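First comes the structure, then the notes that go with it.
Numbering (the numbering used here), first residue to last: 51 to 339.
Structural data, given as structure tokens:
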């Protein structure tokens with residue numbers, strides 16, 4: 051990493067503020083913005099970019115989680131289970147990172163982000179009422195089926211503002227899916243929020259409010275352990291991580307308050323545009339290496 055100059059300090063703080071605000075707004079922690087931009091805009095080695103990014107994810111997710119827990123906008127059981135299963139995946143992701151050449155990593159990362167952004171952009175919008183009503187869509191399986199009784203769980207969450215959300219989802223599949231998200235955290239330097247939040251909404255019928263809170267809170271322990279491993283492997287630029295992370299802490303608090311003012315369709319459109327743009331830039335940079 052280059053020496054810190056006043057301009058670079060300002061750039062890192064601004065990056066953290068923007069990534070933290072934007073990331074937590076859509077149930078991520080901003081790592082999916084930080085890691086690609088460190089590579090593309092600042093010329094950071096992909097392993098250091100991933101490690102540094104995951105440290106900033108810890109700062110942002112911790113800041114956001116404090117507010118979401120206080121507002122009771124999380125599914126506690128799901129958060130605990132998702133965290134437990136994602137940690138081994140993160141360690142495996144970190145172990146595999148060193149075996150991937152930079153050009154292939156850029157292209158692979160870019161394809162994932164662009165594909166996800168396209169999916170979110172083209173999918174028919176979920177209505178505001180469906181995401182915020184007291185009872186959202188439940189599983190397609192009949193209530194008396196063996197599959198439903200064995201695998202599906204109905205969760206009820208009452209927030210601090212006395213809004214009640216009741217939803218049914220396939221718990222084993224959700225747990226397995228979050229194990230995969232853990233791998234992406236270690237390998238790509240993001241907490242998995244850009245993928246987890248749409249998955250919780252579209253695949254497992256979480257209301258948007260609960261999906262965002264659960265996703266962000268699930269990343270705290272995951273990013274802490276992943277960050278520790280990256281620090282041990284000398285894959286973290288500490289000064290940059292602290293500057294970006296400091297901005298993300300502030301951004302996360304802004305996001306929690308702003309989330310009440312922005313409609314969910316707008317959030318998902320913002321997410322899709324950012325993913326496609328950053329993904330394409332990574333693909334181009336990888337092809338040029």
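Positions of the beta carbon are idealized from the N, C-alpha and C atoms, including for glycine.
Since we're looking at a predicted model, the values are computed, not measured.
- If you draw a straight line from the Cα of residue 259 to the Cα of residue 167, it comes to about 20 angstroms.
- DSSP lists 207 as the beta-bridge partner residues of residue 215.
- Of the residues assessed, residue 231 falls on the buried side of the cut-off, its CB having 16 or more other CB atoms within 10 angstroms.
- Under the three-state reduction of DSSP output, residue 228 falls in the helix class.
- With respect to residue 144, residue 255 sits apart: the two C-beta atoms are not nearer than 8 angstroms.
- The region 316-335 and the region 153-165 touch, with three or more beta-carbon pairs separated by less than 8 angstroms.
- Taking 8 angstroms as the cut-off, the beta carbon of residue 65 is found no closer than this to the beta carbon of residue 326.
- If only complete runs of 4 or more residues are kept, the region 233-258 shows the alpha helix (DSSP H) at 243-252, in order along the chain.
- Across the set 319, 87, 275, 252, the C-alpha of 275 shows the shortest separation from the C-alpha of residue 236.
- For the pair residue 72 and residue 289, the Cα-to-Cα distance works out to about 22 angstroms.
- Note on residue 154: under 16 other CB atoms within 10 angstroms of its CB, so exposed under the neighbour-count rule.
- Taking a contact to require three or more Cβ pairs closer than 8 angstroms, the region 236-252 and the region 51-62 do not qualify as touching.
- For residue 286, no alpha helix (DSSP H) encloses it, and the DSSP letter there is neither H nor E.
- Put simply, of 61, 270, 213 the residue whose alpha carbon is nearest the alpha carbon of residue 115 is 270.
- Looking at 139, 128, 297, the one whose alpha-carbon comes closest to that of residue 218 is 128.
- When only Cα atoms are considered, residue 248 and residue 102 end up about 25 angstroms apart.
- The C-beta separation of residue 268 from residue 132 comes to about 4 angstroms, placing the pair in contact by the 8 angstroms criterion.
- For residue 69, the enclosing alpha helix (DSSP H) has its first and last residue at 56-75.
- According to the DSSP assignment, residue 124 belongs to no alpha helix (DSSP H), since it is labelled neither H nor E.
- Within its own chain, the residues whose Cβ lies closer than 6 angstroms to the Cβ of residue 86, once the five positions on either side in sequence are excluded, are 328, 332, listed in chain order.
- By a beta-carbon distance limit of 8 angstroms, residue 79 does not contact residue 299. Their separation comes to about 11 angstroms.
- Annotated as distal: residue 136 and residue 239, with beta-carbon spacing of 8 angstroms or more.
- Relative to residue 224, the option among 205, 253, 204, 92 whose CA is nearest is 253.
- A residue is called buried when at least 16 other Cβ atoms come within 10 angstroms of its Cβ; residue 124 meets this threshold and is buried.
- Rounded to whole angstroms, the separation of the alpha carbons of residue 338 and residue 126 is 45 angstroms.
- Where residue 153 is concerned, the enclosing alpha helix (DSSP H) starts and stops at 152-172.
- Between residue 203 and the set 221, 308, 97, 212, the nearest pair of CA atoms involves 221.
- Distance check between residue 305 and each of 84, 201, 68 places 68 closest, using alpha-carbon atoms only.
- Within a 10 Å sphere around the beta-carbon of residue 285 sit 16 or more other beta-carbons, which makes this residue buried.
- For residue 265 and residue 216, the gap between their C-alpha atoms comes out near 17 angstroms.
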